[in-house]
Each structure stands twice: as structure tokens, then as C-alpha cells.
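Here is the structure we will look at.
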Amino acid sequence: MEPGSPFVFLAASAWPCSVRLLFLSLFIYCFFFFCACFSLLSEMQMSFAFFFLFFSFFWFYSCLHFFFSHGLPASAIAGVFVEFCSCSIGVEEKFVWKMTKSREPPRGRMRVEPSIPLDFSSLPAVQEMIEENNRQTRPKSRLKQFEFINEVFTRIGDRAINDAAAVPVLSSFLQECVEKHGTLPRSSALAKVLYLWSENGLVGEGQSLLREVLQADPALRKNAFDEKVATVSLRLLSRSASVDVDLMNNILAMLPEGAHKRRLFFPLLQHAARTGDTALAFNTLRMGQNKKIEFWDADYHQLLCTIQHAATESGNTAKLLEELLEAMVDHHPVVGKSNAEALKHMMGGEMAEINDKTGECSRCGTKLFSFDFTSIDRATLLGDIETKLIAPRVGGENHYEPERIVTPAEKDRRWREFEAFKETLTNCDYDVVIDGANVGYYGLSSWYREAKELCLRARGVDPTTVPEYQLCEVPLPVDVPPKFSLIDEMLAQTRCVGRKPLVMLHKRHVESPSKESSEWLLKWKADSALIACPGFMNDDYCWLYAAICKPDCLFVSNDLMRDHHFMLLSRRSFLRWRQRHRVTYKALFQRATGTATLLLAMPRPFSVWVQRGLLSRTHWHVPVLFSADIIDQATNRASGKQVEVDKDGDDSCDAWLCTAAKNLLNRSE
1 MEPGSPFVFL AASAWPCSVR LLFLSLFIYC FFFFCACFSL LSEMQMSFAF
51 FFLFFSFFWF YSCLHFFFSH GLPASAIAGV FVEFCSCSIG VEEKFVWKMT
101 KSREPPRGRM RVEPSIPLDF SSLPAVQEMI EENNRQTRPK SRLKQFEFIN
151 EVFTRIGDRA INDAAAVPVL SSFLQECVEK HGTLPRSSAL AKVLYLWSEN
201 GLVGEGQSLL REVLQADPAL RKNAFDEKVA TVSLRLLSRS ASVDVDLMNN
251 ILAMLPEGAH KRRLFFPLLQ HAARTGDTAL AFNTLRMGQN KKIEFWDADY
301 HQLLCTIQHA ATESGNTAKL LEELLEAMVD HHPVVGKSNA EALKHMMGGE
351 MAEINDKTGE CSRCGTKLFS FDFTSIDRAT LLGDIETKLI APRVGGENHY
401 EPERIVTPAE KDRRWREFEA FKETLTNCDY DVVIDGANVG YYGLSSWYRE
451 AKELCLRARG VDPTTVPEYQ LCEVPLPVDV PPKFSLIDEM LAQTRCVGRK
501 PLVMLHKRHV ESPSKESSEW LLKWKADSAL IACPGFMNDD YCWLYAAICK
551 PDCLFVSNDL MRDHHFMLLS RRSFLRWRQR HRVTYKALFQ RATGTATLLL
601 AMPRPFSVWV QRGLLSRTHW HVPVLFSADI IDQATNRASG KQVEVDKDGD
651 DSCDAWLCTA AKNLLNRSE
């Protein structure tokens with residue numbers, strides 16, 4: 001306060017101490033009460049705010065009345081008034097700022113949905129649920145009409161599992177929904193009831209319910225009948241003693257283009273395998289191929305069982321097997337034990353070994369070949385990376401920051417940063433990309449504690465004050481820098497094999513490096529061997545994009561690429577590229593010298609993929625994984641072994657089935 005301030009005058013006046021304290025306490029009370037009023041204004045009704053404002057001025061008026069009655073000079077009273085007004089103006093400015101800068105408007109009270117009329121349904125069971133719903137007083141407990149329809153449909157469907165009398169009730173309610181209310185239950189409710197009925201022995205009842213849904217107006221069915229309902233419906237129909245194949249095909253035809261998934265076709269393949277209907281099985285295969293479906297080992301198992309069950313003429317069997325193997329050439333690299341045994345039984349042949357260095361078959365003597373990674377494959381993968389991986393990250397999808405909101409300006413900046421990254425790649429001369437984080441963090445668990453303690457000391461933190469688990473458990477993302485010495489050794493090794501390397505490191509590893517790390521970074525930049533990945537992106541996307549965009553470019557990484565984002569890419573194109581371009585490595589650490597020697601494993605000269613042989617039309621080489629009876633390629637498995645087979649089983653096999661006839665096995669020719 002200034003020397004002439006009224007507060008100083010009052011404090012130094014000759015008034016009794018009690019009077020001065022009363023004045024100061026009342027004034028402070030008014031001031032803070034006034035501030036509190038406006039600080040809460042964004043969460044209160046305006047009327048309450050004005051009430052508090054009036055109340056504050058009432059207290060101020062009482063103070064002034066007290067001052068006048070005790071003979072306070074007019075100049076001092078005027079000074080107090082000016083001081084109070086200046087405080088009020090400051091509070092008003094704060095009020096205006098809060099009203100304009102508030103992140104969200106005041107939330108209104110959630111209203112309770114209106115009661116559903118009792119004549120909504122003529123069914124007593126539904127009317128009971130209407131009364132139960134209308135008794136609810138909490139906002140979220142009372143349902144809207146459409147939500148009520150879904151709730152009733154699901155509850156009656158669930159009740160029908162143990163009470164057969166509920167089956168006709170559900171049928172009548174579905175009819176009311178269509179005729180009286182002009183709607184069908186949502187797809188999730190339909191799929192749930194059909195699934196429950198098919199799994200609990202109500203197959204006939206479920207099929208009748210399904211036919212009622214299919215008879216509804218197409219405009220109603222359009223929103224309620226999606227891929228989930230179609231999948232459950234096909235499974236339900238396939239469990240009937242007399243399967244309506246035409247209806248199953250009609251259901252497939254109802255779905256819009258792009259909505260078809262692999263699981264839709266499996267019930268048809270199962271039925272064909274049970275009945276030996278090769279026409280149905282291979283028509284289903286062809287339909288799936290037209291829809292760009294990539295079939296799995298379990299699907300090919302059903303096709304092989306169909307051929308075995310059909311007992312067709314040998315000539316027709318050979319044609320069907322050839323078509324099946326040609327389909328595998330497109331999408332299915334490795335087969336499980338059961339499929340290998342079925343192929344061996346029908347085609348003959350024996351298990352053989354393939355020389356990893358030459359690709360020569362130990363049985364027939366012919367060499368396996370590799371599948372070229374075409375320009376179409378390259379364009380497909382690059383498009384997938386931009387649309388399925390990078391575009392979501394530009395929009396802010398990040399499991400480390402799930403609640404972060406990215407503004408339009410930030411999105412534009414991110415796209416410009418990615419375009420600059422691509423421009424930098426075009427100006428770089430390289431033919432092998434090094435996954436810097438994968439190499440630099442090799443054996444991390446063995447040296448994490450040492451690196452963590454160094455980081456703590458660099459920040460002035462005593463490691464002994466940090467909990468033990470923080471020194472031992474590696475977090476995600478990793479909070480210590482990679483070993484740049486390992487990355488430099490990898491650069492040297494790739495140059496030794498005649499390659500021009502390019503290191504990819506995330507931006508956070510390049511910014512604010514230690515003195516030792518700075519020397520490595522300056523060296524790599526001087527050699528044009530380093531690119532920092534944009535900060536908003538996963539570094540996997542960067543080295544993946546850089547390696548694919550250059551023809552015949554290899555990449556160095558021990559990453560098995562089992563993460564979810566790799567599964568979003570075109571499986572066929574991705575696997576063919578990975579098999580032909582991935583360089584793996586091992587590091588041998590020398591404890592005495594503290595150095596490491598890296599051993600590179602270059603890609604095989606052939607593809608681990610089903611491929612046609614050279615000796616006859618029925619000569620094939622089929623890679624087999626004996627550790628799996630049927631390779632389970634689903635991603636939601638609890639067993640680690642199953643997941644490993646799924647994600648990396650396409651790069652390795654236990655043996656090869658060579659189907660060359662014995663009379664052709666003349667290696668000297």
C-alpha cells in the first residue's frame with residue numbers, strides 16, 4: 001500500500017484498537033466475499049451471483065455508517081471507497097475473463113425421460129416392464145423409447161432360454177416393433193439374442209426369429225442388420241439339420257460392399273465340410289477372394305476336409321487341390337500339422353529340408369524362389385501406413401495421452417512435419433534403415449539400472465533416495481537413452497557388407513542429449529546417416545515408411561512386429577515385404593572391454609511361402625509348422641504360444657512338404 005493509503009491512516013489513527021480491528025475485519029470480509037462470489041460464478045446461476053453482490057455492498061454500507069457515526073474524516077471515507085472500488089474493478093475483470101475463457105459452459109441438470117405409455121405394448125410381460133421403467137426416478141434409470149425396446153428385447157430373449165413361453169412373447173413383441181412403432185431393435189440386441197439361442201439349443205426358434213427380421217421392410221432392416229447380425233445368423237443356420245444354403249447366400253448378398261469379414265464365410269465352409277459339398281466350398285472360397293478376404297489355416301482345413309469327404313474322381317480332386325494351393329500362394333504362407341497331413345495324404349510326397357543359404361530342397365534338388373515385392377504391393381503398404389497409422393496420430397490418437405485434444409492448427413502443423421520428413425527421405429542416399437531404438441536398447445534389462453542411476457545423478461538426484469522398483473523396472477516409454485555405441489557399431493557393420501545405412505531415432509532421443517551422446521549424433525549427422533522422427537509419431541511408423549518407400553531397401557531390427565498397428569496393414573503385402581527385407585542381428589558383449597560385436601543375419605534367398613515346384617503340375621513345396629495342429633490366427637488369445645504362432649509363424653517353419661512324384665526324383669538331371 002502507498003504511504004497515503006486510507007488503510008495506513010486507519011491503522012495509525014487514535015481510534016480504539018477494537019474499532020480499528022472491526023473495520024479491517026469487515027472490509028476484508030466484504031472483499032473476499034465479493035471475490036468468492038465471482039470465482040464461483042461459472043458454476044452458479046446468475047441470480048445467486050447478484051444476490052451475493054448485493055449482500056457484499058450491504059456490508060460495505062454498514063461499515064461506512066459505522067465510520068460516519070464515529071466521526072471519521074470525509075477524506076478518509078472517500079479514500080476507503082476508492083480503494084474498495086478499485087478492488088471491485090479488478091474482480092469484475094476476473095469475472096469477464098472467466099466467462100469468456102471458461103473451457104466449458106455450465107452443465108444443465110439432466111432431465112428424467114417422460115413415462116412410456118402403457119398402451120405402448122399389448123403384451124402383459126412388456127407392460128410390466130413399462131411400469132417398472134416408469135417407477136424409476138433417477139435420470140439414467142428411466143429409458144427412452146428406443147432404448148426401452150432394446151432392453152425389453154434382450155431381457156425377454158434371455159428369459160426364453162429357461163422359459164419356452166417367452167419365445168412367442170418375443171416374436172409378438174418384434175412384430176409390434178415393426179408394425180406399431182416402425183423400428184427394429186438395434187443390431188447388438190439382435191445379435192445377442194440370436195447368439196444366446198443358438199448356443200442354448202433354440203436353433204429352430206432362432207431361425208424363425210431371424211426370418212421375421214428378414215421379412216421386415218428393407219428400410220428398417222438396413223440399420224439393424226449389419227455384419228455382426230449376419231455372422232451370428234449364418235452360424236445359427238449352419239447348425240440346422242437341413243441347412244438353407246440359399247438363405248445363407250442371400251444374407252451375404254445383403255451386406256454392403258466392404259462390410260464382409262472372414263468370419264462370415266466360415267459357417268458355409270463348415271457345412272460344406274460336413275456334407276462334402278465341394279461346389280459350395282469352392283464357391284464360398286471364390287466369393288471371399290472377390291471380396292478381398294484373406295482366409296486362415298482353419299478355413300483351408302475345412303476346404304481340405306470337404307475334398308476328402310467328397311470322394312470325387314482323382315482328376316477333379318487334383319483340380320480342386322490346385323485351386324486351393326493357388327489361393328494359399330496369394331495369402332497363406334505356412335500351414336499347420338493337420339493341413340500338411342491332409343495334403344500329403346491326397347498328393348503324396350515327403351517332408352524335406354531346405355538349405356537356408358541356397359534354398360535347395362533336399363528331396364527333389366530344385367531351388368525355392370522368392371516372391372517379388374511389386375510396385376503395387378509398395379503402393380498398398382505406403383497407403384496403409386499413411387491412412388491407418390499416421391493419420392490417426394495426426395488427429396491425436398495416442399495411448400500415452402488418451403485425453404489430449406489436438407487443435408486444427410496442431411493437426412496442420414503435424415501434417416507439415418510429416419511432409420518435411422518425407423522430403424528429407426527423398427534427399428537421403430540409403431539402402432538400409434536401422435531401427436535405432438531396437439538396436440540401442442538391445443539387452444536393456446541388463447543395463448537399465450546403471451543407465452537410470454546415471455540419469456538421476458545428471459539431474460542432481462541421489463539414486464539411493466529413489467525406490468528400488470524404479471531402478472529395476474523398465475517403464476513405457478523407456479526413460480533412459482539408448483546406447484549410442486551399439487547404434488554406431490551397427491552403422492559400421494552395415495557398411496562392411498556394402499550398404500549405405502540410415503539411422504531412425506525418435507525426436508526425444510536427439511533433443512537435449514548428454515555430452516557423450518552429442519558426439520555420436522554430430523558424427524552421424526556429418527555422415528548424413530541420421531534422421532529424427534517427428535515427435536508426435538511412433539518411431540516404428542518412420543523406419544517402416546522409410547524402408548518401404550525405397551526399392552530394394554533392407555531394414556535392421558529384431559522387432560517381430562507383433563504390435564497391433566502392424567496388424568492393420570495389408571497382410572499379404574506386409575508379410576512378403578518383411579520376409580525379403582528384414583535383417584536380424586545378435587550382440588556379443590565383451591565384459592573385459594565393455595564393447596559389443598554385432599552379427600547380422602541377412603534375409604533368406606527364398607520365401608517361406610507355399611510355392612509351385614518345377615518338376616510337374618502337381619509338384620509343390622509347402623512350409624509346415626508342426627508345433628501347431630491348426631494355426632490359430634486370431635489375435636485375442638490368452639496363451640503366449642498361440643500369439644507367437646499367430647504373429648511370427650509366417651516367417652519360420654519346421655519342415656517342408658515336397659510333393660514331387662518319386663519317378664521325378666533324379667537329382668543328377
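Quick note: the sequence shown uses UniProt numbering, first residue 1, plus one each step. Cβ atoms here follow ideal geometry from the backbone N, Cα and C, with glycine treated the same way.
- Listed in chain order, the beta strand (DSSP E) elements of length 3 or more contained wholly in the UniProt domain "PRORP" (497-625) are 501-506, 530-533, 554-556, 582-590, 595-601 and 620-625.
- The shortest CA-to-CA distance from Ala-596 to any of Gly-443, Ala-437, Ala-379 and Leu-255 is the one to Gly-443.
- Straight across, the Cα-Cα distance linking Val-503 with Gln-579 is about 21 Å.
- With 16 or more other Cβ atoms inside 10 Å of its own Cβ, Thr-284 counts as buried.
- In the three-state DSSP reduction, Val-167 falls in the helix class (H, G or I).
- With respect to the 8 Å criterion, Val-608 and Val-335 are not classified as neighbours on the basis of their beta carbons.
- Each residue's CA atom was taken as its position, placing Leu-560 and Leu-368 some 24 Å apart.
- Take the alpha-carbon of Gln-308 and the one of Ala-273: they are about 9 Å apart.
- Bridge partners of Trp-656 according to DSSP: Ala-352 and Pro-623.
- Counting the other Cβ atoms within 10 Å of the Cβ of Cys-177 gives 16 or more, which makes it buried.
- Annotation: the continuous beta strand (DSSP E) that includes Ile-434 extends over 432-435.
- When beta bridges are read from the DSSP output, Cys-361 appears opposite Ile-354.
- Residues of the same chain with a CB within less than 7 Å of the CB of Ser-233, apart from the 5 flanking positions on each side, are Leu-194, Leu-210 and Ile-251 in chain order.
- Between Leu-456 and Cys-549, the C-beta gap is not smaller than 8 Å, which leaves the two residues out of contact.
- Across the structure, Asp-632 and Lys-525 are spaced so that their CA atoms are roughly 45 Å apart.
- Counting every other CB atom within 10 Å of its CB across the protein chains shown gives Thr-374 a total below 16, marking it as exposed.
- Under the DSSP assignment, Ile-385 falls outside any alpha helix (DSSP H); it carries neither an H nor an E label.
- Taking Leu-324 as the centre and dropping the five residues before and after it, the same chain places the C-beta of Leu-303 closer than 6 Å to its C-beta, in chain order.
- Relative to Pro-467, the option among Pro-481, Leu-476, Val-480 and Lys-452 whose CA is nearest is Lys-452.
- The beta carbon of Ala-125 sits closer than 7 Å to the beta carbons of Ile-156 and Val-169 from its chain, once the five residues preceding and following it are set aside; these are given in chain order.
- Of all C-beta pairs linking the segment 550-558 to the segment 424-438, three or more are shorter than 8 Å, placing the two stretches in contact.
- Closest by C-alpha distance to Glu-410, out of Glu-326, Phe-536 and Glu-360, is Phe-536.
- Bridge partners of Val-335 according to DSSP: Val-624.
- Straight through space, the alpha carbons of His-506 and Arg-449 are spaced by roughly 22 Å.
- Burial is judged here by how many other beta carbons sit within 10 angstroms of a residue's own beta carbon; Ser-512 has fewer than 16 and is exposed.
- Of the other Cβ atoms in all chains shown, fewer than 16 fall within 10 Å of the Cβ of Leu-522; this residue is therefore exposed.
- Excluding five sequence positions before and after Leu-614, the CB atoms of its chain that fall closer than 6 Å to its own CB belong to Thr-366, given in chain order.
- Counting the other Cβ atoms within 10 Å of the Cβ of Arg-404 gives fewer than 16, which makes it exposed.
- Annotation for Gln-207: Leu-236, Leu-237 and Ser-240 place their beta carbon closer than 7 Å to its own, counting only its chain and skipping 5 residues before and after.
- Lys-367 carries a strand assignment under DSSP once its states are collapsed to helix, strand and coil.
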